[in-house]
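Undergrad: Numbering (the numbering used here), first residue to last: 293 to 706.
All C-beta atoms in this analysis are idealised placements derived from N, C-alpha and C, irrespective of residue type, glycine included.
All values reported here derive from a predicted model rather than from experimental measurement.
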């Protein structure tokens, strides 16, 4: 269900009044939390400055052979992100990139983009115009989503979560539904086309909506050290405010697959690799220097913006991901702060397919039922602006391109 809020300022005032009443020592708790987060962010910055990796890296071969160590898993869960190397053969992905270029060129996507629906989701961010194409159903995207390789990688990621707690089973990690998302095709030399720091998966709802509050129950009770970002309790039951590009599925990890080589300076992804940084964001908004009807600038139906004037200590940890090769993937926890570099100063295209990790659950099944007709008709999926560019595209993927696994992941059997 979508959350409806008729009087947002009043809802924010009421939420902050309730949350402060439940946590009378919110100032002291936040001071302790801020000191810990500042220390962690500075440690990450020091590693980065020494040239050491701050985003964990895992070889896909090690996932297949069950060779990922407990230490690697612990680091992924602390950082809330990882790069998985060589999920696909480079030659295969290079062919996909060529096919996508032919697909968008043959169907004059650039001409159609002039009439696209306005995507206001990123409108409040300082940088808000990434070169993202509203294309969902090219054959390479469909083939990648249903691939055995990416399915195995995402099952591995889903299993990092605590799927049973509070006396309930929250989701099945072994089944990976499809969340059809877009493409990024970024030419060299593009400037001011990034995204400033933000989180997806909810903005004002995190403080207002009851199931979101339950997700962060340890934070709002002052026991922030007990908060486990990988505990799935209540995550599959939250209600978001509907808006184009607001994800209404539960993603264990957001992610993309590199179609071209790209790294720092190439207009690439940046992360604050602190899995529990959301605790800081939540309690920061309760502090006395933030107006009673304000949540550090959070807006409904928008990305949750992370701002230097409110969240300065976290910016020390903001780091570009390492050099990626075609066929590598990167995944980040659905609460992890991320951004995109403004300038692409490299020499080649910086292209990716956005493909997230999701588990089977009632919330996601409900979305699949809404998404499936979009696939069959070539329309934009329900969460995205209703451009429907691909309805008459030549070469669009159809049900005939799906394997048995692909049909199950698309929800044909629901």
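(1) Is residue 427 helix, strand or coil when you go by DSSP?
(2) Near residue 699, which residues of its chain fall below 8 Å by C-beta distance, leaving aside the five closest residues on each side in sequence?
(3) Assign residue 644 to buried or exposed, taking buried as 16 or more other Cβ atoms, counted over all protein chains shown, within 10 Å of its Cβ.
(4) Report the residue ranges of all alpha helix (DSSP H) runs contained in full by the region 498-551; include only those spanning at least 4 residues, in chain order.
(5) In the DSSP assignment, what residue or residues form a beta bridge with residue 449?
(6) Where DSSP assigns a beta bridge to residue 374, which residues make up the other side?
(7) If residue 562 sits next to residue 632, beta carbons under 8 Å apart, how far is it from one beta carbon to the other, in whole angstroms?
(8) Buried or exposed for residue 438, please, with buried defined as at least 16 other CB atoms from any protein chain shown within 10 angstroms of its CB.
(9) From which residue to which residue does the alpha helix (DSSP H) around residue 336 run?
(10) Under three-state DSSP, which class holds residue 646?
(11) For residue 614, collect the residues of the same chain with a Cβ closer than 8 Å to its Cβ; drop the 5 residues on either side in sequence, then sort them by chain order.
(12) Please say whether residue 567 and residue 333 have beta carbons closer to each other than 7 Å?
(13) Going by the CB atoms, is the gap between residue 504 and residue 453 shorter than 7 Å?
(14) Only counting the same chain, and skipping five residues up and downstream in sequence, which positions put a Cβ closer than 7 Å to that of residue 592?
(15) Using only the alpha-carbon positions, how far apart do residue 569 and residue 472 sit?
(16) Could you tell me the boundaries of the beta strand (DSSP E) in which residue 489 lies?
(17) Could you tell me the distance, in whole angstroms, from the CA atom of residue 377 to the CA atom of residue 385?
(18) Indicate whether residue 322 and residue 579 have their beta-carbon atoms separated by less than 7 Å.
(19) Rounded to a whole number of angstroms, what is the C-alpha to C-alpha distance between residue 606 and residue 480?
(20) Less than 7 Å separating the beta-carbons of residue 660 and residue 465?
(21) Going by DSSP, what residue range makes up the beta strand (DSSP E) through residue 630?
(22) Hey, how far is the Cα of residue 576 from the Cα of residue 390?
(23) Which residue from 382, 355, 361 and 642 puts its Cα closest to that of residue 619?
(24) By a C-beta neighbour count over all protein chains shown, 10 Å radius and 16 as the cutoff for buried, is residue 544 buried or exposed?
(25) Could you check if residue 441 is buried or exposed, using at least 16 other CB atoms within 10 Å of its CB as the buried criterion?
(26) Would you report the Cα separation of residue 653 and residue 311, rounded to the nearest angstrom?
(27) Counting along the chain, where does the beta strand (DSSP E) carrying residue 477 start and finish?
(28) Evaluate residue 245 with the Cβ neighbour count: other Cβ atoms within 10 Å of its Cβ, from every protein chain shown; 16 or more gives buried, anything less gives exposed.
(29) For the candidate residues 590, 658 and 358, whose alpha-carbon lies nearest to that of residue 491?
(30) So residue 467 and residue 316 are supposed to be a Cβ contact under 8 Å. How far apart are they, rounded?
(31) Note down, in chain order, each residue of its chain lying with its Cβ closer than 8 Å to the Cβ of residue 574, except the 5 sequence neighbours on either side.
(32) Please go through the same chain and pick out, in chain order, the residues whose beta-carbon is closer than 8 Å to the beta-carbon of residue 474, but skip the five residues on each side of it.
(33) Would you kindly work out how many angstroms separate the C-alpha atoms of residue 537 and residue 546, rounded to a whole number?
(34) If we call anything under 7 Å between Cβ atoms a contact, is residue 549 one with residue 641?
TA: The answer reads as follows:
(1) Reduced to three states, the DSSP call for residue 427 is coil.
(2) Within its own chain, the residues whose Cβ lies closer than 8 Å to the Cβ of residue 699, once the five positions on either side in sequence are excluded, are 691 and 705, listed in chain order.
(3) Residue 644 is buried by the Cβ-count criterion.
(4) For secondary structure counted as the alpha helix (DSSP H) over 4 or more consecutive residues, the region 498-551 holds these complete runs in sequence order: 502-507 and 509-512.
(5) Paired residue(s): none; residue 449 is not in a bridge.
(6) In the DSSP secondary-structure assignment, residue 374 is bridged to 623.
(7) The C-beta distance from residue 562 to residue 632 rounds to 7 Å, short enough to meet the 8 Å contact threshold.
(8) With 16 or more neighbouring CB atoms inside 10 Å of its own CB, residue 438 falls in the buried class.
(9) In the DSSP assignment, residue 336 falls within the unbroken alpha helix (DSSP H) covering 318-341.
(10) Three-state result, residue 646: strand.
(11) Within the same chain, residue 614 has close Cβ partners 345, 347, 349, 375, 555 and 556.
(12) No, the Cβ-Cβ distance between residue 333 and residue 567 is not below 7 Å.
(13) The Cβ-Cβ distance between residue 453 and residue 504 does not fall below 7 Å.
(14) Cβ contact annotation for residue 592 (same chain, cutoff 7 Å, sequence separation greater than five): 297, 300, 495, 496 and 533, in chain order.
(15) Distance between the alpha carbons of residue 569 and residue 472 is about 27 Å.
(16) Looking at the DSSP string, the run of the beta strand (DSSP E) that includes residue 489 is 487-491.
(17) Taken atom to atom, the span from the alpha-carbon of residue 377 to that of residue 385 is near 13 Å.
(18) Going by C-beta atoms, residue 322 is nearer than 7 Å to residue 579.
(19) Rounded to whole angstroms, residue 606 and residue 480 show a C-alpha spacing of 29 Å.
(20) In this structure, residue 465 does not lie closer than 7 Å to residue 660 by Cβ.
(21) Start and end: 630-632.
(22) Put simply, the backbone Cα of residue 576 is about 46 Å away from that of residue 390.
(23) With distances taken between Cα atoms, residue 619 lies closest to 382.
(24) Buried: at least 16 other Cβ atoms inside 10 Å.
(25) The residue is buried, with at least 16 neighbouring Cβ atoms inside 10 Å.
(26) Distance between the alpha carbons of residue 653 and residue 311: 29 Å.
(27) That run of the beta strand (DSSP E) goes 475-478.
(28) The structure shown does not extend to residue 245, since the chain is modelled only from 293 to 706, so the question has no answer here.
(29) The candidate whose alpha carbon is nearest that of residue 491 is 590.
(30) A Cβ-Cβ distance of about 44 Å is found for the pair residue 467 and residue 316, leaving them out of contact under the 8 Å criterion.
(31) Its chain contains 498, 499, 508, 511 and 512 as the residues whose beta carbon lies nearer than 8 Å to that of residue 574, once the 5 sequence neighbours on both sides are disregarded; these appear in chain order.
(32) Cβ neighbours of residue 474 within its own chain (closer than 8 Å, five residues either side excluded): 424, 425, 426, 427, 428, 646 and 676.
(33) Looking at the two C-alpha atoms, the distance is approximately 13 Å.
(34) For residue 549 and residue 641, no; Cβs fall outside 7 Å.
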